[in-house]
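Please read the structure below before turning to the comments.
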Amino acid sequence: MNLPLCVWYAVGEFAVPKLTAQESAAFIMLAATILVFRTFRERFLLVWSLGWLAYGVSQWFSANPAAFATAPELEAISQSAFVLAVCLFGASILLYSHAEKHILPLFIITGSVMTFAVARLLYWPDEILLRVPLEIAYRVLAVGAAIQLIRYRWGRLEIGPWLLGLSLLFLHLDWAPLTGWVPGGVFLMADLLLGVSMLFLVFDDSRARTERLAVIDSLTTAIARTQQHGPMMQSALEELKKVVNAKGAWFRPVDSEQTAAITNHVGVSSEFLKGANLIHLDEAVQKALAKQEPTVVKATAMMPSVKAYLDDEKLEHIVLVPLHGKKGAVGTMALGKAHAYSYSPEEMDFLHTAASQVGIAAENLRLLEQVLRSQRQWMNTFDSIQDAILAHDAEFVITKANEALLQHLGLAPADVMGNPCEDALPHAFAKWTGCPYCSRGDVDFVEGPDPCFGGYSMVSTSSYSEQGGKQKGTIHVIRDTTDRRSAEERYRLLFEQVQQGVFVATPEGKLLDCNDAFVQMLGYETREELMALNINSEVYVSAEQREAFRKEIDAHNFVRNFEVTLKRKDGAQLTAAESSFATRDGAGKVERYQGFLLDMTEKKRVEDEMRRRNRELNALNAMAVIATQSFDLDEILNLTLRQVISLFGAETGSIYLSDADETTFRRRAGWGQRTEQRAGFNAVEFPNGFGDLVMRSRTEVLTAEFLPHLPPLVADFVKADGPGSWIWVLLWSKDSPIGIMGISSLEARTYSSNDENMMVAVGRQLATTIEKVRLYEETCKAYEDLRKTQEQLLQSEKMSAVGQLIAGVAHELNNPLTAILGYAQLLESEGLNDRATDFVRKLFKQAQRTHRVVQNLLSFARQRKPQKTDVDIRKIVDETLALRDYDLKVNNIVLERETMVDAPSVTADPHQLEQVFLNIINNAVDAILEGGKGGKLKVRIHSADGQVRVEFLDSGVGIKDPNRIFDPFYTTKSVGKGTGLGLSICYGIIKEHGGDITAHNRAEGGACVEVKLPASGHVIEAEPVTMVTRREMAIEGRVLLLEDEEAVLEFERDVLVGAGAQVVALMSVDEAKSRLRAETFDAVIMNGRMPGGWSAQDAHRWIGVACPGLEKKLLFTFSNVAEADVKNYLQSNGVPSLVKPFEVVDLISQARRLLQKTQAAIAN
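Numbering follows my numbering, with no gaps: position 412 of the sequence shown is 417.
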């Protein structure tokens, strides 16, 4: 064996310490970290290396735990080194995550923990409980560092931060209660992963830094290749979105009004772009942009409206990157990410650097675009100039020519530019060398014949040089003045030949120039004679007009159609319209006035005449409109008079219309203050009319010339307005005047023939209108009379219908009433006890009351001619009240009667009075019911002053207008409840009877209606009360009884049979005829209105033919009073009749009379 080698191994065995696996791993990681530090030179790697060194020392001292028992200082060094290692690892992580502010507190805490560890081992080595705070303390340091690392690298898809944080938590001190059960290989693996994970972080950062550098290089390449702003910005957005791993990106240029829209975008939807502009209006975004550096803004920090757009796009936050150039802000770039992300300072610096580079590039591109745009605009401006522009150098070589010059030459730019002037410009109109316009001399402006194009031109010549050097060339601006010179000549001819006055004058009044028309207008013979005058004082008449002219010039520098008054040479004045303007010097002072003067004298006269005619036509039209729109004569007269007064400028006026006698005229309209004389003519009568001359000639206008031909009264009438001027117009209708209209003025004036013609036109139109209105009024009156007649006819038809209805009701009631009254009388004769007899009498009394009500209804509804007789007004009032007795009781209306015992009779038609009283009672009941149910109606009858007075006093609401209560068609009732004819008809009835009817409201409430009728002179005695007598019996004979009502038929049969007669009762007309032919009867009692059309007349004639002699023994019964023709027929033939309901006595009496005739005939 080689001796040296053996010695080397022997020395190495004793000199080199024996390292455990964990110690070896610690020193290996230390060496690896040092190697990485040499490459990347990061401060946190240096601290990380120191941490591994401390960790290796801790592991080395803890390799022999048995020595700790004899030398606790070794264990103290081991634990102190371990705590320091944890501190250094944490400090390295804080440096890595740019949390340097936490490093000092970390070392302070670490020093405290190390001191505590050494003190525990030296002074309390056996206190197990003091080991727990130590274990907690260094683990808290490790956990804090791990959390800081995870937060710093949050949002990245990398394993390094998580592996480093987890491995850091596995660092520990050997303590049997906690680590004794864990295999040693686990902690070894944790130490290795701790070292490797830091290398992962370093290499990941290196890769990211490389990618960012690549992006910067790509941006530089894109900026160099792209010469347009839009594509360059789009490329930058795509590169930054890729490197930041953003979901979307967009760019918004700078706008002072915050209204600029997004110009470039990538990765966002079109719906998002519609509301993306709102993002830059958000307050949080505005604050972030104010920082002028990349800033992260959370979606939750924005306004709800803005947050909604980000939520729809699923963006958790956006990174706002302001873009700035050398001259200011360029715009804002926004990067949106869908999840939370922790941006490192390197990333933010990268975004800032990239933004600066893009901003400067965008600004440069914009400046380039502006330069190109300016160049294009300058070229467009140069070519748009209408004057020809020629630029050449000192050798007369053309360097520039605008489009106007090229068009004149008819050449392309290449054929002109770069060629000498002698070759490119024509020589047709003059001989020249070098330049045709430079040969005129060194003058800035020259006007004369054009040497190249003919005609006349004005040339502006100037020199130019570049960068302040020597003269380089000359520019000629050539303006064609041929047309202008021609126009000037034409204008000179126009100045001389125009018929309007043209002048040029100074403000002081000196006339500088004028044309011949101006001289002729003012009546001068020569221009020199006029120009020698001061027009301000010798031509212009009104100083006020001249001052107003100057003010108008000062305000607007011109006047148009300014009316002035001028004085001619002969002193006459004329009206002219001046249109002129002022020429001022550089200081703004007026140097001269130039303008036109148009003689308006004749035109103004014609215009005044036209205005006068227009006023007349407008007045006539207004009066025609008034006449067509209104039928109120007073309104038409007043408005017409105002129009005439306004038209003629008068102070007063009047219109008089004639009455029906055509001689009396009344004042119907007036205007202005009246004189005392005119006030006395409110109504004036002209017995002799307006005089023979006026009437024969149908004179329409009266002026002062007619005064000698007028009657004195008419003359005084037309002069009554005073000593001024006046004019009157007669309003003729056919052959007579229906009115007269006149106006007057205080000032004396002469009315022209045009004025008289105007008055005649107004008078004729007004006369026609008056006739139309009067015809309309007559038509309205005739229509109103027709309407009243129709209303009365309708009321009459209604009453006739009511009468027919009542007659039918009475017929139906009278038949049962006949049976009731008859049977009551029959019961009375049956020997009943006193109680039953009293009941029968009450029944008979009520039936009679019913009978009276029915009779009153029939009497009220019966159509008959008025027949005046002496009547007891008390009875009529009682019968009328009986008709409303039920309504009064139902509505709780108390009826009070105050009747004088010996009231005189009146001569009247009882049925008409009953109608009057019923109408008054109805109105009283309606008035009471308007205030609700319940009230009082008082009827008082008395006589005074030869009159019988009936007063109806109610407790109702009263009468609204007592003065109109008796007017036709006036009603206070609601629609459908009154026609307004009732009291009007009552008024007519009472007046026809020679009486009077009045109405008024009572002081205590309610109304009072009083009817006054003349008394006839005597008192009607009260009718004696007739007692019902017992019927007499003993009548003999055979009677045929014919009725249509079974109850009435049975009643009549019972009465006659009870009286002793033999009765054959029938209800059929045909059966009655057959029995009359076949049998013999002593008398016939039948209904006068049998069904089937067998009337009383027909029955009487048939019986006279079929049973001769029996027609004299015929008795008819009627349900109500027979018609007039039936009644007259029966009276003329001596046929008796009874009206239902009749009493038993009447029936037996009439039957006995008929049978007595039969017995007398048999005896004879």
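We treat Cβ as the ideally placed atom computed from N, Cα and C, and that holds for glycine.
Residues in its own chain within less than 6 Å of R1043 by CB, not counting five upstream and five downstream? Q1067, F1086 and D1087
Contact between the stretch 691-708 and the stretch 777-785: three or more CB pairs below 8 Å? no
Among K850, S960 and D875, whose alpha-carbon lies nearest the alpha-carbon of N897? S960
Exposure of I152, with buried meaning 16 or more beta-carbon neighbours within 10 Å: exposed
When DSSP labels each residue in this structure, what does A949 get in the three-state scheme? strand
By how many angstroms is the C-alpha of Q239 removed from the C-alpha of L168? 38 Å
Is DSSP giving I33 helix, strand or coil here? helix
Where does W676 sit, in a helix, a strand or coil, going by DSSP? strand
Could you have a look at T1034 and say whether DSSP puts it in helix, strand or coil? Below a pLDDT of 50, predicted positions are generally treated as unreliable, and T1034, at 43, falls in that range; no measurement from the model is reported.
What are the start and end residues of the alpha helix (DSSP H) that includes M238? H234 to V249
V955 to L1018 span [Cα, whole Å]: 9 Å
Taking all protein chains shown into account, decide if W159 is buried (16 or more other Cβ within 10 angstroms of its Cβ) or exposed. exposed
Report the CB separation of L410 from M338 in whole angstroms; it is logged as a contact under 8 Å. At roughly 49 Å, the Cβ-Cβ gap does not stay under 8 Å, so L410 and M338 are not in contact.
State the Cα-Cα distance for the pair R48 and I113, rounded to the nearest angstrom. 20 Å
Is L35 closer than 8 Å to L58 when the C-beta atoms are compared? yes
If V1149 and G827 are in contact, beta carbons under 8 Å, what's the gap, nearest whole angstrom? 5 Å
By alpha-carbon positions, which one of K296, E298, V324 and Q297 ends up nearest to A304? V324
From which residue to which residue does the beta strand (DSSP E) around L325 run? H322 to H329
When the Cβ atoms of the stretch 378-392 are set against those of the stretch 413-420, are three or more pairs found closer than 8 Å? no
Distance CB(N1092)-CB(L1047) smaller than 8 Å: yes
In the DSSP output, which residue or residues are listed as bridge partners for I483? A393 and V464
From this set, L199, K1145, N385 and F450, which residue's C-alpha is nearest E817's C-alpha? K1145
Residue range of the unbroken alpha helix (DSSP H) whose run includes P138: R136 to Y157
Between the CA atoms of T268 and S275 - distance to the nearest angstrom: 13 Å
Out of V335, G341 and M308, which has the shortest C-alpha to C-alpha gap to E321? G341
Stretch-stretch touch, CB-based, cutoff 8 Å, three pairs: the stretch 582-601 with the stretch 561-573: yes
Three-way DSSP call (helix, strand, coil) for I164 in this model: coil
Let me check understanding here. Comparing Cα to Cα, which of G459, M463 and P441 lies closest to V451? M463
Ends of the alpha helix (DSSP H) at N1006? Taken as a continuous stretch (DSSP letters only), N1006 belongs to no alpha helix (DSSP H), being part of the beta strand (DSSP E) at D1001 to N1006.
Tell me the rounded alpha-carbon separation between R1036 and M1095. With a pLDDT of 43 at R1036, under the threshold of 50, the predicted position of this residue should be treated as unreliable, though the coordinate-derived value follows. Between R1036 and M1095, the C-alpha separation is close to 28 Å.
Roughly how many whole angstroms lie between the Cα atoms of N759 and F653? 11 Å
Express the C-alpha separation of S67 and E18 in angstroms, rounding to a whole number. Its pLDDT being 43, under 50, E18 is placed unreliably in this model, and the coordinates cannot settle the point.
With the cut-off set at 8 Å, would you say V689 and F711 are in Cβ contact? no
Own chain partners of V1178 with C-beta closer than 6 Å, once the 5 adjacent residues on each side are dropped: Any question about residue 1178 goes unanswered here, given that the chain covers just 6 to 1169.
Opposing strand residues paired with Y545 [DSSP bridges]: L571
Across which residues does DSSP place S659 in a beta bridge pair? G675 and G747
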